[in-house]
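What follows is a set of notes on a single structure, which appears directly below.
There are 4 protein chains.
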Amino acid sequence: MEKLSSDRFPNDTEEKILQRLRKIEGQVRGIQKMVENDRYCIDILTQIAAIQAALDKVGLSILKHHTYGCVTRAIQSGEGDPVIDELMDVIKLFIK
Amino acid sequence: MEKLSSDRFPNDTEEKILQRLRKIEGQVRGIQKMVENDRYCIDILTQIAAIQAALDKVGLSILKHHTYGCVTRAIQSGEGDPVIDELMDVIKLFIK
Amino acid sequence: MEKLSSDRFPNDTEEKILQRLRKIEGQVRGIQKMVENDRYCIDILTQIAAIQAALDKVGLSILKHHTYGCVTRAIQSGEGDPVIDELMDVIKLFIK
Amino acid sequence: MEKLSSDRFPNDTEEKILQRLRKIEGQVRGIQKMVENDRYCIDILTQIAAIQAALDKVGLSILKHHTYGCVTRAIQSGEGDPVIDELMDVIKLFIK
Chain S
119 MEKLSSDRFP
129 NDTEEKILQR
139 LRKIEGQVRG
149 IQKMVENDRY
159 CIDILTQIAA
169 IQAALDKVGL
179 SILKHHTYGC
189 VTRAIQSGEG
199 DPVIDELMDV
209 IKLFIK
Chain Y
119 MEKLSSDRFP
129 NDTEEKILQR
139 LRKIEGQVRG
149 IQKMVENDRY
159 CIDILTQIAA
169 IQAALDKVGL
179 SILKHHTYGC
189 VTRAIQSGEG
199 DPVIDELMDV
209 IKLFIK
Chain U
119 MEKLSSDRFP
129 NDTEEKILQR
139 LRKIEGQVRG
149 IQKMVENDRY
159 CIDILTQIAA
169 IQAALDKVGL
179 SILKHHTYGC
189 VTRAIQSGEG
199 DPVIDELMDV
209 IKLFIK
Chain H
119 MEKLSSDRFP
129 NDTEEKILQR
139 LRKIEGQVRG
149 IQKMVENDRY
159 CIDILTQIAA
169 IQAALDKVGL
179 SILKHHTYGC
189 VTRAIQSGEG
199 DPVIDELMDV
209 IKLFIK
């Protein structure tokens with residue numbers, strides 16, 4: 119199991135993911151300004167929840183790419199077990 | 119209920135929150151590089167889960183500040199209801 | 119801070135909560151049968167997610183009752199701090 | 119994609135899952151008694167969070183079984199796509 123290389127993301131998937139991540143980066147910067155300007159806490163918290171939801175979406179799309187790519191190939195070559203275990207471990211991180 | 123002003127964060131709380139948010143911003147940029155460099159999906163996902171956990175912490179510390187400040191004052195002046203409803207609504211966003 | 123007694127739930131709130139909990143109990147029993155009958159995993163998982171959502175709803179409605187009752191009274195009598203800390207701790211359990 | 123039949127759980131896995139589900143069922147009944155006896159809300163909420171964590175564990179162990187079984191076989195026979203999509207959809211339910 120090679121851990122450092124990965125499937126290339128298809129160009130359009132990669133671009134979509136990067137766009138989302140740049141937007142999330144901007145939202146995190148926006149929250150910093152809200153905190154500095156003593157904006158209403160509930161508005162800050164609503165923004166944080168929006169970022170969490172956006173990160174979930176990015177996470178799910180990377181998870182899907184990974185399952186269609188690495189996981190599928192590992193299973194096809196009869197070496198699915200470690201990759202499935204690893205997949206379960208990372209899903210656990212998102213669930214708890 | 120005034121929605122745009124807020125309690126000032128105490129200076130040290132504000133600084134701690136801002137430090138965490140700057141770190142989170144850096145982590146989000148880090149993930150962009152990981153995606154561009156086709157790093158292993160599981161490593162990217164692990165980083166995303168770390169950011170989620172960091173955002174939860176920031177969220178909880180703002181929630182606490184808000185409850186000790188706005189919510190407490192509203193209750194003391196006999197006007198707790200709308201503030202409590204609003205608090206529940208934002209907690210709901212974090213739970214689901 | 120008295121930890122063992124609590125505000126009575128208003129009768130209709132209590133009945134609603136109990137109805138939901140009985141339904142959840144039935145759903146948990148239903149999942150046992152699905153497992154025994156080797157039902158399709160995805161269908162079992164979908165049911166488990168439905169129970170989680172139902173428990174979130176019950177949790178939120180108890181949290182609301184608690185904040186309107188115990189928390190509000192503690193704040194009004196100038197003893198809000200330990201009750202707020204405790205509230206934050208339990209919210210943390212639901213968020214992570 | 120056959121949706122109603124499933125891999126049999128290995129006997130010991132099935133028994134472990136059923137034991138957990140029976141324990142969860144008992145916990146849900148326990149919460150009903152706590153509500154009826156007007157027990158302290160925070161204690162009820164702590165119990166609800168414990169049930170959620172227990173359901174997450176059961177869910178993850180069924181997810182693992184499913185991925186090692188159905189998903190693996192579908193991929194090996196060149197028909198992984200619908201099963202992977204379905205897997206992602208159910209993971210989504212647990213994450214949000």
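Chains as they are written, first to last, in the working numbering: chain S, 119 to 214; chain Y, 119 to 214; chain U, 119 to 214; chain H, 119 to 214. Every residue, glycine too, gets a C-beta built ideally from N, C-alpha and C.
Just the C-alpha distance for residue i and residue j, rounded to the nearest angstrom, thanks.
| i | j | result |
| --- | --- | --- |
| V146 (chain S) | E133 (chain H) | 46 Å |
| L122 (chain S) | V189 (chain Y) | Here the model assigns L122 (chain S) a pLDDT of 42, short of 50, so the residue's position is not dependable, and the following value carries that caveat. When rounded, the distance between both Cα atoms is 48 Å. |
| I202 (chain S) | I213 (chain Y) | 28 Å |
| I209 (chain Y) | Q194 (chain H) | 44 Å |
| E120 (chain Y) | R126 (chain Y) | Annotation note: pLDDT 46 at E120 (chain Y) (below 50); position unreliable, no value reported. |
| D130 (chain H) | M152 (chain H) | 33 Å |
| K182 (chain Y) | E197 (chain H) | 50 Å |
| T164 (chain S) | A192 (chain S) | 40 Å |
| H184 (chain S) | P128 (chain U) | 50 Å |
| L205 (chain U) | I180 (chain U) | 12 Å |
| Y158 (chain H) | Y186 (chain U) | 14 Å |
| G144 (chain Y) | D174 (chain Y) | 17 Å |
| I142 (chain Y) | I135 (chain H) | 38 Å |
| L211 (chain U) | I160 (chain Y) | 26 Å |
| R140 (chain U) | R140 (chain H) | 15 Å |
Within a Cβ cutoff of 8 Å, which residues of the same chain sit near residue i, ignoring the five residues on either side of it in sequence?
| i | result |
| --- | --- |
| N155 (chain S) | none |
| I149 (chain H) | I162, Q165, I166, I169 |
Run through chain Y and tell me which residues come within less than 8 Å of residue i, C-beta to C-beta.
| i | result |
| --- | --- |
| T190 (chain U) | I193, G198, I202 |
| L112 (chain U) | This structure leaves residue 112 (chain U) out entirely; chain U is present only between 119 and 214. |
Excluding the 5 residues preceding and the 5 following residue i in the sequence, name in chain order all residues of the same chain whose CB lies nearer than 6 Å to its CB.
| i | result |
| --- | --- |
| R138 (chain S) | V176 |
| A171 (chain U) | none |
| D207 (chain Y) | none |
| L178 (chain S) | none |
Tell me the residue span of the alpha helix (DSSP H) that contains residue i.
| i | result |
| --- | --- |
| C188 (chain U) | Here C188 (chain U) belongs to no alpha helix (DSSP H), and DSSP marks it neither H nor E. |
| P200 (chain U) | 198 to 213 |
| D130 (chain U) | 129 to 154 |
Under 8 Å between beta-carbons, which chain S residues line up against residue i? List them in chain order, please.
| i | result |
| --- | --- |
| A167 (chain Y) | G177, V208, L211, F212 |
Anything in chain H within Cβ reach of residue i, meaning under 9 Å, just list it in chain order.
| i | result |
| --- | --- |
| D174 (chain S) | K210, I213, K214 |
| Y186 (chain S) | G198, D199, I202 |
Does chain B have any CB closer than 9 Å to the CB of residue i?
| i | result |
| --- | --- |
| L163 (chain H) | Absent here is chain B; the protein component of the structure consists of chains S, Y, U and H. |
key: Contacting positions in the region 198 to 209 of chain Y - beta carbon closer than 9 Å to chain U   = G198, D199, I202, D203, L205, M206, I209
task = With 8 Å as the limit, tell me which residues of the region 124 to 150 of chain S have their beta carbon closer than that to any beta carbon of chain Y; keep them in chain order.
result = S124, D125, R126, F127, E132, I135, L136, L139, R140, I142, E143, V146, R147, I149, Q150
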